[in-house]
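S.K.: What follows is a structure written as structure tokens; I'll ask about it next.
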Amino acid sequence: MLNKQSFKKTLISKLMIKLKRFFLLVAALLFIVISSDVYAEPIRVIANSSVTLEQLKLKDLRSIYTMKKRLWAEGEPVSVFVYSGDNAIHKTFCRELLKVFPRQLESVWYRLVYSGTGASPIRVNSEAEMLERVANTPGAIGYLQSESLNEKTKIITIK
Amino acid sequence: MKKQKLLPLSSFFILLFSGTCFANSSSQGDWFKQTNWEAFVSQSAIYSSDYNFLSQSDDTLSFDMREAGILFSTIVREKLTFSTQVLGRKVSEDSGNDFRVDYAFLSYPFYQTQNNTLGVRLGRIRSSYGFYNETRDIPHTRTGIVMPQSIYFDMTRNSFYSADGVELYGFRDFANRRLAAQVYVSKPIADDNETGGAEFLDPSNFDGDKSLLAKISYGSEFDGFRAAFTYYRPEYHVDLLIPIGPVIVSDTGATVYSENMLTSLEYNQFDWSVTAEYLRHKFQVKSLGSKIVAYEEAFYIQGLFRLNEQWEAYLRYDSTEPHGDDIGEDAFNWDDINIGASYRPNNNWLIRAEIHYIEGQGRLLSRDNPNKNLQDPYWTAAMFQVAYKW
Numbered sequence: 004m005l006n007k008q009s010f011k012k013t014l015i016s017k018l019m020i021k022l023k024r025f026f027l028l029v030a031a032l033l034f035i036v037i038s039s040d041v042y043a044e045p046i047r048v049i050a051n052s053s054v055t056l057e058q059l060k061l062k063d064l065r066s067i068y069t070m071k072k073r074l075w076a077e078g079e080p081v082s083v084f085v086y087s088g089d090n091a092i093h094k095t096f097c098r099e100l101l102k103v104f105p106r107q108l109e110s111v112w113y114r115l116v117y118s119g120t121g122a123s124p125i126r127v128n129s130e131a132e133m134l135e136r137v138a139n140t141p142g143a144i145g146y147l148q149s150e151s152l153n154e155k156t157k158i159i160t161i162k
Numbered sequence: 460m461k462k463q464k465l466l467p468l469s470s471f472f473i474l475l476f477s478g479t480c481f482a483n484s485s486s487q488g489d490w491f492k493q494t495n496w497e498a499f500v501s502q503s504a505i506y507s508s509d510y511n512f513l514s515q516s517d518d519t520l521s522f523d524m525r526e527a528g529i530l531f532s533t534i535v536r537e538k539l540t541f542s543t544q545v546l547g548r549k550v551s552e553d554s555g556n557d558f559r560v561d562y563a564f565l566s567y568p569f570y571q572t573q574n575n576t577l578g579v580r581l582g583r584i585r586s587s588y589g590f591y592n593e594t595r596d597i598p599h600t601r602t603g604i605v606m607p608q609s610i611y612f613d614m615t616r617n618s619f620y621s622a623d624g625v626e627l628y629g630f631r632d633f634a635n636r637r638l639a640a641q642v643y644v645s646k647p648i649a650d651d652n653e654t655g656g657a658e659f660l661d662p663s664n665f666d667g668d669k670s671l672l673a674k675i676s677y678g679s680e681f682d683g684f685r686a687a688f689t690y691y692r693p694e695y696h697v698d699l700l701i702p703i704g705p706v707i708v709s710d711t712g713a714t715v716y717s718e719n720m721l722t723s724l725e726y727n728q729f730d731w732s733v734t735a736e737y738l739r740h741k742f743q744v745k746s747l748g749s750k751i752v753a754y755e756e757a758f759y760i761q762g763l764f765r766l767n768e769q770w771e772a773y774l775r776y777d778s779t780e781p782h783g784d785d786i787g788e789d790a791f792n793w794d795d796i797n798i799g800a801s802y803r804p805n806n807n808w809l810i811r812a813e814i815h816y817i818e819g820q821g822r823l824l825s826r827d828n829p830n831k832n833l834q835d836p837y838w839t840a841a842m843f844q845v846a847y848k849w
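Residue numbers (this note's numbering), protein chains in the order written: chain F, 4 to 162; chain B, 460 to 849.
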């Protein structure tokens, strides 16, 4: 009888230890996942220093990236830059900032370009190229994940 | 006949394209800006329990349906845009390869402010009928392997949607909503192969006369509602041989028109969309002083679910109900419930599968189904498609 009881106790304590280890492992994994999400660099919208605006409403940013807003308030043409294809920054930008899937944006651009009623954005392949093209194009707007800026570019706050 | 019609536009396209290539090597910055080109190919496999549906698929697995296209667009001297698409499309063994300049036009916005644009388009224009006609040819920009046949006919696709003409367009932007209007006057490009539905009248010399499209739309493609109304009326000439008792009378002055009023509504959220389009369609043939008139009401309602960046699922009900005493109504019925899924492993590849449960024969190609009225009206089709774009 005693033996049975002590066997039960041992079994329960072993199970508890295993459960504790399991929960610790899950907690560690969750921490890694959550912390990687929390500390991922946010996307920053940047513009050429010729753009006088300091902030944009989300609906205006959407309007720019669906190529509807073609001129800044001063009449300067808006030059829109995006990363090409499967770029991870572009995916995050679409999902987190614009709240659309990249393929939805692409469909909008297709219709504008091939109906002759608009243009598609200019595509770049890297953050360095994005920074360089935005810096050297008056009226340009783009986005970065890194913090690098130069004297010809500025950050636009999204409200 | 068709090749002759296409020749001037094709030549124009080639000349301009050559000019662009030349400019690429010399002074592209001055003349040509934002030159875009895209290309795509697709191959489909179709099995249907009865009938040949866009392929020779009756009770067999058919690989007849395939598409390939090259799209090109460039902005000439700041504002003038040239756009074209050359499309090769095969939708059945009998139809052969349908290779054509699908559209080629110039577009010029002659008045432009921050929120307003007025412009003109000239040439062979992809008509902006409904929400999806302009992007229907590229597998990556449509929902499903086939478009909802009640509204976006494949049966008379070439004659119905292609036309040479001039369009005035204008739009006003309100944040991320757009109010747009357009009026398009043109001459339809008729395709003799698509008169099979009236083969008992032995039609020949099918030719476009004139067409009018007027459209107004408002809303946003991915943020809440959008709505559109399209009026479209293409007219044609055709020669007919009409059996009157034992005598066959030739009429070289018959006219045909198709009048369409299409109302389109869509509601979009981040990960789902619901689309519905409703068409009132009148079709009239006038020959030897008498008229044959047919009416139909057609609509589809579709739910699209964006599960994640790779996967989409869709469910659609697509229906056509004919009215009128002059035609056999049963032959034009069409009810199609279809369910499908898309997988995009990356920006280039697209894989799709869908199943259709169909009642009726109204949107089947007559040339592929000469005895379609004699078969079971209840049938199914399973489809699989792989597409790649550059």
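Positions of the beta carbon are idealized from the N, C-alpha and C atoms, including for glycine.
As the structure is a prediction and not an experimental result, all values here were calculated from the model.
#1: Would you please verify whether the beta carbon of G88(F) is less than 8 Å from any beta carbon of chain B?
#2: Classify P607(B): buried if its beta carbon has 16 or more other beta carbons within 10 angstroms, exposed otherwise.
#3: Could you name the residues of the same chain whose beta carbon sits closer than 6 Å to that of Q58(F), not counting the 5 residues immediately before and after it, in chain order?
#4: Could you please give me the residues that DSSP links to L530(B) through a beta bridge?
#5: Y643(B) to D623(B), Cα distance in whole Å?
#6: Please look up how many angstroms separate the CB atoms of D632(B) and S66(F), rounded, as I've assumed it's under 8 Å.
#7: Which whole-angstrom value is the C-beta distance of H815(B) and D795(B), which I expect to be below 8 Å?
#8: Considering only the beta carbon of each residue, do L28(F) and L64(F) sit closer than 8 Å?
#9: Along the chain, where does the beta strand (DSSP E) that runs through P702(B) open and close?
#10: Which residues in the same chain as E768(B) place their Cβ atom closer than 6 Å to its Cβ, once the five residues preceding and following it in sequence are excluded?
#11: What residues from the region 533–550 of chain B come within 7 Å of chain F, judged by C-beta to C-beta, listed N to C?
#12: Since Y691(B) contacts R685(B) with CB under 8 Å, what's their CB separation in whole angstroms?
#13: Decide if the region 75–94 of chain F is in contact with the region 666–680 of chain B; the criterion is three or more beta carbon pairs, one per stretch, under 8 Å apart.
#14: Could you give the DSSP three-state label for N664(B): helix, strand or coil?
#15: In chain B, which residues lie with their C-beta within 7 Å of the C-beta of V111(F)?
#16: Which one of D517(B), Y802(B), F791(B), V625(B) has the shortest CA to CA distance from A757(B)?
#17: Starting from the N-terminal side, write out each stretch of the beta strand (DSSP E) that is 3 residues or longer and does not extend beyond the region 566–627 of chain B.
#18: Would you kindly report the start and end of the unbroken alpha helix (DSSP H) that includes E718(B)?
#19: If you follow the beta strand (DSSP E) that E755(B) is in, where does it begin and where does it stop?
#20: Does the beta-carbon of W838(B) have 16 or more other beta-carbons within 10 angstroms, so that it is buried, or is it exposed?
#21: Which whole-angstrom value is the C-beta distance of G589(B) and I604(B), which I expect to be below 8 Å?
#22: Could you check the C-alpha separation between D835(B) and D509(B) for me, to the nearest Å?
#23: Applying a beta-carbon distance threshold of less than 9 Å, which residues of chain B neighbour R65(F)?
#24: DSSP puts K492(B) in a beta bridge; with which residues?
#25: Quick check: is the beta carbon of K573(B) nearer than 8 Å to any beta carbon in chain F?
#26: Is L809(B) helix, strand or coil when you go by DSSP?
#27: If you compare alpha carbons, which of F764(B), N797(B), Y754(B) is closest to R775(B)?
#28: Kindly indicate which residue of K71(F), F96(F), S53(F) has the alpha-carbon position closest to the one of Q148(F).
#29: Measure how close the beta-carbons of R136(F) and F84(F) come, nearest whole angstrom, since I'm counting them as under 8 Å.
#30: Residues in the same chain with beta-carbon distance under 6 Å from V733(B), minus the five sequence neighbours each way, listed in chain order, please.
#31: Cβ closer than 9 Å: which chain F residues qualify as neighbours of R811(B)?
#32: Could one say the Cβ of F104(F) lies closer than 8 Å to chain B's Cβ atoms, at least one of them?
#33: Alpha carbon to alpha carbon, how far is P662(B) from T615(B)?
#34: What are the start and end residues of the beta strand (DSSP E) that includes N51(F)?
#35: If contacts are defined as beta-carbon pairs under 8 Å, then F764(B) and A753(B) qualify, I think. What distance do you get, rounded to the angstrom?
#36: Which chain F residues are close to F564(B), counting only those with a beta carbon under 8 Å from its beta carbon?
M.R.: Result, derived from the coordinates:
#1: Numbered from its first residue, the first sequence carries residue 88(F) at position 85. By this cut-off, G88(F) is an interface position.
#2: For the purposes of this step, residue 607(B) is taken as the residue at position 148 of the second sequence. P607(B) counts as buried, since no fewer than 16 other beta carbons sit within 10 angstroms of its beta carbon.
#3: The residue labelled residue 58(F) in the question sits at position 55 within the first sequence. So the list reads T160, K162, once near-sequence residues are dropped.
#4: By 1-based counting over the second sequence, the position of residue 530(B) is 71. In the DSSP output, where bridge partners are listed per residue, L530(B) has E497(B), Q544(B).
#5: As a working note, residue 643(B) is residue 184 in the second sequence. As a working note, residue 623(B) is residue 164 in the second sequence. Roughly 10 Å between the two C-alpha positions.
#6: By 1-based counting over the second sequence, the position of residue 632(B) is 173. By 1-based counting over the first sequence, the position of residue 66(F) is 63. Yes, D632(B) and S66(F) are in contact; Cβ-Cβ is about 7 Å, under 8 Å.
#7: Translated into positions along the second sequence, residue 815(B) becomes position 356. Translated into positions along the second sequence, residue 795(B) becomes position 336. About 5 Å; that satisfies the 8 Å criterion.
#8: Taking the first sequence and counting its residues from 1, the one referred to as residue 28(F) is at position 25. Taking the first sequence and counting its residues from 1, the one referred to as residue 64(F) is at position 61. No. Outside cutoff.
#9: Taking the second sequence and counting its residues from 1, the one referred to as residue 702(B) is at position 243. Run containing P702(B): 683–703, per the beta strand (DSSP E) assignment.
#10: Indexing the second sequence from 1 puts residue 768(B) at position 309. Hits under 6 Å: none found.
#11: I534, T540, S542, Q544
#12: Sequence index remark: in the second sequence, residue 691(B) carries index 232 (1-based). Sequence index remark: in the second sequence, residue 685(B) carries index 226 (1-based). Actually they do not touch by this definition, with Cβ atoms about 19 Å apart.
#13: no
#14: If you number the second sequence from 1, residue 664(B) lands on position 205. Here N664(B) sits in strand by DSSP.
#15: For the purposes of this step, residue 111(F) is taken as residue 108 along the first sequence, with counting starting at 1. Those are E680, listed as they occur along chain B.
#16: Indexing the second sequence from 1 puts residue 757(B) at position 298. That would be F791(B), whose Cα lies nearest to the Cα of A757(B).
#17: 575–585
#18: Position 259 of the second sequence, counted from the start, is the residue given in the question as residue 718(B). Under the DSSP assignment, E718(B) falls outside any alpha helix (DSSP H), being part of the beta strand (DSSP E) whose first and last residues are 706–727.
#19: If you number the second sequence from 1, residue 755(B) lands on position 296. 749–765 is the span of the beta strand (DSSP E), which, as asked, contains E755(B).
#20: Here residue 838(B) refers to the residue found at position 379 when the second sequence is read from its first residue. Counting Cβ neighbours within 10 Å, W838(B) comes out buried, since at least 16 surround it.
#21: Residue mapping note: residue 589(B) aligns to position 130 of the second sequence, counting from 1. Residue mapping note: residue 604(B) aligns to position 145 of the second sequence, counting from 1. Going by Cβ atoms, the distance from G589(B) to I604(B) rounds to 18 Å, so no, they are not a contact pair.
#22: Counted from its first residue, the second sequence places residue 835(B) at position 376. Counted from its first residue, the second sequence places residue 509(B) at position 50. So the two alpha carbons sit approximately 7 Å from each other.
#23: Residue 65(F) sits at position 62 when you count from the first residue of the first sequence. The contacting residues are A634, N635, S679, F681, D682.
#24: Here residue 492(B) corresponds to residue number 33 of the second sequence, with the count starting at 1. K492(B) pairs with I534(B).
#25: On the second sequence, position 114 is the one that residue 573(B) refers to. Reading off the sequence shown, one finds Gln at residue 573(B), where the question assumed Lys. Answer yes: the Cβ-Cβ gap between Q573(B) and chain F drops below 8 Å somewhere.
#26: Counting from one through the second sequence, the residue named residue 809(B) turns up at place 350. Strand, per DSSP.
#27: Along the second sequence, one-based indexing puts residue 775(B) at 316. Nearest of F764(B), N797(B), Y754(B) to R775(B), Cα basis: N797(B).
#28: Here residue 148(F) corresponds to residue number 145 of the first sequence, with the count starting at 1. It is F96(F).
#29: Position 133 of the first sequence, counted from the start, is the residue given in the question as residue 136(F). Position 81 of the first sequence, counted from the start, is the residue given in the question as residue 84(F). Correct: roughly 6 Å between the Cβ atoms.
#30: In the second sequence, the residue the question calls residue 733(B) occupies position 274. Answer for V733(B): Y726, G762, listed in chain order.
#31: Here residue 811(B) corresponds to residue number 352 of the second sequence, with the count starting at 1. The premise fails here: R811(B) is roughly 13 Å from chain F at the closest Cβ pair, so nothing lies under 9 Å.
#32: The residue given as residue 104(F) occupies position 101 in the first sequence. Answer yes: the Cβ-Cβ gap between F104(F) and chain B drops below 8 Å somewhere.
#33: Translated into the one-based positions of the second sequence, residue 662(B) becomes position 203. Translated into the one-based positions of the second sequence, residue 615(B) becomes position 156. Each residue's alpha carbon lies about 15 Å from the other.
#34: Stepping through the first sequence from its first residue, residue 51(F) is reached at position 48. Segment 47–51, the beta strand (DSSP E) holding N51(F).
#35: In the second sequence, residue 764(B) corresponds to position 305, counting from 1. In the second sequence, residue 753(B) corresponds to position 294, counting from 1. Their Cβ separation, rounded to whole angstroms, is 36 Å, which puts F764(B) and A753(B) out of contact at 8 Å.
#36: Counting from 1 along the second sequence, the entry for residue 564(B) is found at position 105. Going along chain F in sequence order, the residues near F564(B) (Cβ under 8 Å) are G119.
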